[in-house]
Each structure stands twice: as structure tokens, then as C-alpha cells.
Amino acid sequence: MAAGAPSSSPSPILAALLFSSLALSRVQAIVVYTDKEVHGAVGSQVTLYCSFWSSEWVSDDLSFTWRYQPEGGRDAISIFHYAKGQPYIDEVGTFKERIQWVGDPYRKDGSIVIHNLDYSDNGTFTCDVKNPPDIVGKTSQVTLYVFEKVPTRYGVVLGAVIGGVLGVVLLALLLFYLIRYCWLRRQAALQRRLSAMEKGKLHKAAKDSTKRGRQIWSQDCHPDNQNGRRFQQRTRN
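Those letters in the sequence shown? Residues -29 to -1, 1 to 208, per mature numbering (1 follows the signal peptide of the UniProt record, and there is no 0), in order.
See below:
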């Protein structure tokens, strides 16, 4: 090769970028969804929902893993695992006889139910999903709060208050338009009566005027009356 001629081999940086782009095109990030928190009463049951999004079809190697970290604890323990179409409940811990699999992998659902809740169940549950080749992605966490009685959520109370206020406003508007409609209808009826009375007065006045005209004519112009004979004599002359 002549001195000063450019090298025909690709640079290491270009090769690394090409390799990373090929790797990313084959492996997509999987997205896992759970509730933020759930509430349950002592002795009841609660469903921990877990679903996911993947750019790939549901694989036969799809797996769900649930882990539990007690409230105030540092370490998380595995309590449930689903793989190769079979659910596996870990035989270690307090959940081994209280977990029920209710998920449907073909609907991308990895939910479980925890029965017979206790105060000691308070903590954080983590759902992890792998759908090869989609294996890269963040887990999702849901916090469980166990109470003696499930408290009414703030959103439910706020929704009820807003609904009540809107109901009162709508009722007030309905009454307003109903009263206004009745008042306008009464005013229209009163206007019709006044118009009818005015027409009656005019008609009566016209009749009275005609009657008076006839009386005057009969008194002043009729030939049988003295005024009538005088009127005829004047017209003859």
C-alpha cells in the first residue's frame, strides 16, 4: 500500500456502533405494569395484578416472578414463579399456602391472589417478566396495605362530593328553568286575556257608537218626528 493512502479497514468505533445497533434491533425492552398500591382487610383476599407489553409474540419461555419485601425490610424474597406453562409457589415464607395463580400468559397477565391477609403482609411486591428474546426491562412494584377495615379512598370520597355538588347544581338549574317556563306561560296567558279584553271593549264601543248614531238619526231625521219634518222642509227649500 502506498504511503499516505487511507486504510480500507473499518475503525473500531464504527464497528462497535454497528454491533450495538444490531443487538438493540434484536432485543427490545419489555414493559411491566402493576397497580401502585392495593388495600385489603385482615382475613380477606387481594389480587395483585401484573401485565406487560412486549414487541414479540408470547413465547413458550415466558416467565413471571413475584418477589416480596416486608415493610421496613431490606431483602426481597421470591414467593412465586411461573415458567414453561407451570406455576410454582415457593415453599419458603408465610405465603406458601396462601397464593393462588389467576393469570393468563396468552393475555399477558401474570396476576396472583393472596388469601387470608394479615398485618404482617404489609410490604412491597415486585413483578418481573421475561418474554425471550425480550428480556431487558424494568420490574414493576405494588405496595400492599392491610387494615382492620379497608379505608374509603380519598378519590372515592372526592368523587362522591363532586357528584353531589353537580347534582344540586343540576337540580337548581332544572327548578330555575321550570319556574321561568311557568312564569312565561302565565305571562302569555295574561297577555292573551288583555288582548281579548281590549278587543271586547273596542267591539262594544263600536256597537255603542252605531247605536247612538241610529238614535240620533231617528230623533233628528225620521219623518215621523218634528225634527225630522223640519229637516225635510229645509232640504226641500
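Don't be surprised by glycine CBs; every beta carbon is placed ideally from N, CA and C.
Checklist entry - Under the three-state reduction of DSSP, which class applies to L1: helix, strand or coil? => result The count along the sequence shown starts at 1 and reaches residue 1 at position 30. A quick correction: the sequence has Ile, not Leu, at residue 1. Coil, per DSSP.
Next on the checklist: Quick check on L19: does DSSP put it in helix, strand or coil?
Outcome noted: Translated into the one-based positions of the sequence shown, residue 19 becomes position 48. L19 falls in the strand class under three-state DSSP.
Item to check | Range of the contiguous beta strand (DSSP E) that encloses H52 | outcome: Residue mapping note: residue 52 aligns to position 81 of the sequence shown, counting from 1. Note, H52: beta strand (DSSP E), 48 to 54.
Checklist entry - For the 8 Å Cβ check, are there 3 or more pairs between the stretch 52 to 61 and the stretch 8 to 26? => result no
Checklist entry - Pairing CB atoms from the stretch 90 to 109 with CB atoms from the stretch 34 to 45, are three or more of them under 8 Å? => result yes
Next on the checklist: Suppose you measure from the CA of V2 to the CA of G130; what does that come to, to the nearest Å?
Outcome noted: Taking the first residue of the sequence shown as position 1, residue 2 is located at position 31. Taking the first residue of the sequence shown as position 1, residue 130 is located at position 159. Straight-line Cα distance between these residues: approximately 31 Å.
Next on the checklist: Residues in the same chain with beta-carbon distance under 6 Å from D80, minus the five sequence neighbours each way, listed in chain order, please.
Outcome noted: Counted from its first residue, the sequence shown places residue 80 at position 109. Counting only Cβ-Cβ distances below 6 Å, and skipping sequence neighbours, we find S22, G74.
Next on the checklist: What would DSSP say about E169, mapped onto helix, strand or coil?
Outcome noted: As a working mapping, residue 169 is identified with position 198 in the sequence shown. E169 falls in the helix class under three-state DSSP.
Next on the checklist: Buried or exposed, going by whether 16 or more other CB atoms sit within 10 Å of the CB of D92?
Outcome noted: Counted from its first residue, the sequence shown places residue 92 at position 121. Buried is the call here.
Checklist entry - Excluding five sequence neighbours on each side, which residues of the same chain lie with their C-beta closer than 6 Å to the C-beta of P(-20)? => result Translated into the one-based positions of the sequence shown, residue -20 becomes position 10. The predicted model places P(-20) with a pLDDT of 48, which falls under 50 and marks its position as unreliable; any figure quoted below should be read in that light. Taken in chain order, the list of residues that qualify is empty.
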